Amino acid sequence: MTENTQQQHPATTPELPTQYAPAEVEGPLYERWVERGYFDADAKSDKEPFTVVIPPPNVTGSLHLGHAFEHTLIDALTRRKRMQGYETLWQPGMDHAGIATQNVVERELAKEGKSRHDLGREAFVERVWQWKGESGGQISGQMRRLGDGVAWSRERFTMDEGLSQAVQTIFKKLYDDELIYRAERIINWCPRCLTAISDIEVEYQDDDGELVSIRYGEGDETLVVATTRAETMLGDTAVAVHPEDERYKHLVGKLIKLPLTDRSIPVVADAHVDPEFGTGAVKVTPAHDPNDFEIGQRHDLPNIAVMDEHAVITVPGPFQGLDRLEARSTIVAALRAEGRIVAEKRPYTHSVGHCSRCKTTIEPRLSMQWWVKVGPLAKAAGDAVRDGRVKIHPQEMEKRYFDWVDNLHDWCISRQLWWGHRIPVWYGPNGEVVCVGPDEEPPAGEGWTQDTDVLDTWFSSGLWPFSTLGWPERTESLAKFYPNSVLVTGYDILFFWVARMMMFGLYAMDGTPPFHTIALHGMVRDQFGKKMSKSFGNAVNPLDWMDKYGSDALRFTLARGANPGVDVPIGEDWVQGSRNFANKIWNATRFALMNGATVEGPLPEAAEMSATDRWILSRLNTVVAEVDAYYEDFQFAKLSDALFHFAWDEVFDWYVELSKTTFQAGGPAAEVSKRVLGEVLDVTLRLLHPVVPFVTETLWTTLTGGESVVVAEWPADSGFRDAGAEKEIASVQDLVTEVRRFRADQGLQPGQKVPARLTLDGTPFAPHEAAVRQLLRLQPEGESFAATATLPVAGATVALDLSGTIDVAAERKRLAKDLAAAQKERQQAEAKLGNEAFLAKAPDHVVDKIRGRLAKAEEDIARLQAQLDNLPAA
RNA sequence: GGGCGCGUAGCUCAGGGGUAGAGCGUCGCCCUUACAAGGCGAAUGUCGGCGGUUCGAAACCGUCCGCGCCCACCA
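Under the numbering used here, the first residue of the first sequence carries the number 5, and numbering increases by one thereafter.
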């Protein structure tokens, strides 16, 4: 350190090369953090806890940019809290993701030409565990690369033993409370995955279909029904009409012939039918449509299933063995042959449900399944948000949440899969249910069999906030870290996961909601705002960008795009920009080290500091306060942007540049500035650390000699503000900018020295003369000085000797343009101030602002006029 | 069919009653000993259209147009 700070030339500063090479430093830094136990969470600690769980990634492969984004936000939050002195727990783990993972492994098997049935259940599950090992390894590798400060020793998996215990315990509790039951209902069946899925696992999309109108009945007693799923007619057990529909009143209660069968079915009156729609008569297939099922229940109709689990027709006869699509066209053809198609098929776009995992069209099917009775659970979950015990951020999302929990149907939790938590229910020889749970063995003897189904994967992830802490055991960790402080997750799983955690958390933890705040983020999109997907070819492996630009660059880019609840686009150029920022911080710190910036000891008294020093410290503390406020509101984009501009624009481009002459001159003023520069960098690096942990760690430890910025103290606003210094430096900036502009306009090479006479009216500018001269390459005036351009800026005058090189015409034109603008500005301001209504109604600060604007305009006019007058004749 | 949100610089997005902002991109000049992954300077918008409220509207209200998302049992 000491050696380092004595160096004067970059060539002899071996510790920090001129370019930041992230790939070389990130990996070792991360492992050091882990070894030192920074990320561990101690349940016995006296510190206030800060808990956040990872939304457990599915073990279906590797992490994508969406995970990188989410992890960046969570990691930044916890790193800040850790620096603030909280006992932080960032709970890691993964999700077995039942159907998703099973599908992935089945696809792998298919490559070998095998199906899961070739292996059998046990071997298949073994195979999935093997897959889980590989996928899990990749995922944790990516998390380390990203810098996720998780408590690795506490890593959990939704299928590990403790969590299985939790699953069985809550299942039993719910069953005993009659909140879990078994019933035969219409469920969403995926004929490809061969399992039931819950309502939210169905994705509806508008598909093109054909609506055919079919005449049912014989002779006078006929009516016409329309359908897009003609094949289901084989299972029709009624035709329904509206009770008030005069057209059909005479038929209600009668039996009419069902075409293609030897059955006749009743016409029933049911208010569900919309008489305005189609013909006003609806075919009723209770075994294959949820609405029809309900009509069937109301009218005591039989349920006739016509398809098996593969959606193949099972009704004996000509259609048996056809799959549903073949059956559809074949049946329509047969009906047409009988003259029963009254209106030809017409194209019809309608909403069709698809399996969210494999996109296969769902077949509604009557089936015996296990259900969670959600009523009381959902009520509690809604109330917890309604009464403010749990906050949803951004608040607009609350509406969606209420919409969901207030209108929830019972949750089908059984899945006909092999990978997952097997349902802890045994059936006796006569099919009677014996439950179960972790503490009960099934009765000894023959004939008892366990349910072969597994639970919906969200059943176990719904327990995540407390199952990971040891529940149902009343562990120290549970006491310390439940409820979670905040949940950070995507709005896309608000219903799947968040609402379920709310329901289960409140239920299992005696009414204590699982978290205080739910912070929802958006989805990562490509640089054009398009959804990322593998098939579209715009998906990015986060590792590629991390290898190329560093983890910090990726994290900073993602954080900068993170407006609450809004999707975040990202493109490679932007990551590159963030890498440039990291490099900029790197080099600014090198500069500070080379110039002997110090971090030891108290800050100098205000009276000892230059206006430049006071200005930057004033700004620094303002930024500290801003960043804190933004963190509390999950405004990652804002806080990242504030830090970016403060560091780059204010500290690096102005403070450092203005201080160079001070450093060069040496003496007491230089010592003061060295301390200030050290302070500013020290604090800025700490502020940046949660978002860009790696580069800040290297720089901060080098600068301060501290152990690690991970455990450094989070900066506090000292309260220091100096409005006078801020104003003074703003004036200096104006002066410098104006002269730079002039130089550029006049085509003066940036490096070219120009003799100049600086007249600094009043004291404020005098101390800055040396800095200004250096920044602007202004030399002392020579004997032959001939002022050819004069630029008075807010109390200062700069006369430049341009030795006749000035382009007078161009400058005159420019000045005239500016003068016109200033005059217009003055006119507008005068008009406003002359407006009675404005003066009467506008608030004082607005009026003052306009007055200020007028004054500024007048000053500009005077200055510009003077400049014009001082221009030599062309 | 309901609900929510969005249309602001070439692209992606902040902002939100008191003179239009950022990043990236573009143009010009510079390797000025922290940094060319850099410095300095510049250009760029009828803030989707039309009405209304207001002293003042990109912002608030209405309406229309164009997008997106969520929910829903339209056969």
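Just so it is clear, CB atoms sit at the ideal spot from N, CA and C, and this is done for glycine as well. Owing to the predicted nature of the structure, the values given are computational and were not obtained by experimental measurement.
Taking 8 Å as the cut-off, decide whether the C-beta atoms of residue i and residue j are in contact.
i	j	result
G494	M536	no
L875	I854	no
D210	T365	no
V63	M98	yes
W193	R369	yes
T22	N584	no
I184	W374	yes
A859	E732	no
G124	V458	no
A861	A826	yes
L339	T241	no
L607	E683	yes
Y24	V740	no
K176	P380	no
V776	V736	yes
A47	E480	yes
R350	E235	no
W452	G474	no
L685	L707	yes
L762	E773	yes
G239	H292	yes
P694	R83	yes
S622	D726	yes
K395	P53	no
S464	T199	no
E630	A646	yes
Pull up the DSSP beta-bridge partners for residue i, would you.
i	result
D327	V316
L681	DSSP lists no partner for L681.
F54	T92
V286	A244
E225	E222
K535	R529
V356	Q209
V437	Y431
D805	Looking at the DSSP assignment, D805 forms no beta bridge with any residue, so it has no partner.
What first and last residue would you give for the beta strand (DSSP E) that runs through residue i?
i	result
G213	V206 to E222
K261	L259 to K261
R623	Premise fails: R623 lies in the alpha helix (DSSP H), A615 to E636, not in any beta strand (DSSP E).
I191	I184 to C194
T456	Unbroken run through T456: none, as it is neither H nor E.
G494	N488 to G494
T199	T199 to I201
On the criterion of 16 or more Cβ atoms from any shown chain inside 10 Å, does residue i qualify as buried, or is it exposed?
i	result
M5	At M5, the pLDDT of 31 sits below 50, so the modelled position is not reliable and the matter cannot be decided from this model.
R679	buried
N839	exposed
M87	buried
R594	buried
R867	buried
R149	buried
F640	buried
D873	exposed
G221	buried
N434	exposed
Q106	buried
Identify the continuous alpha helix (DSSP H) that holds residue i and give its terminal residues.
i	result
T76	L69 to M87
Q871	D848 to N874
W375	Per DSSP, W375 belongs to no alpha helix (DSSP H); it is in the beta strand (DSSP E), E367 to V376.
T173	E165 to D180
S663	V660 to A669
N584	E576 to M598
Taking only heavy atoms of the ligand GTP into account, decide whether any of them is closer than 7 Å to the Cβ of residue i.
i	result
A596	Annotation note on the ligand GTP: not contained in the displayed structure, which lists no ligands.
Do three or more CB pairs link the region 390-410 to the region 502-513 at distances below 8 Å?
yes
Between the region 28-44 and the region 135-142, do three or more beta carbon pairs fall short of 8 Å?
no
Counting Cβ pairs, one atom from each stretch, are 3 or more of them under 8 Å apart for the region 35-53 and the region 69-79?
no
Should the region 283-298 be regarded as contacting the region 245-255, the criterion being three or more beta carbon pairs within less than 8 Å?
yes
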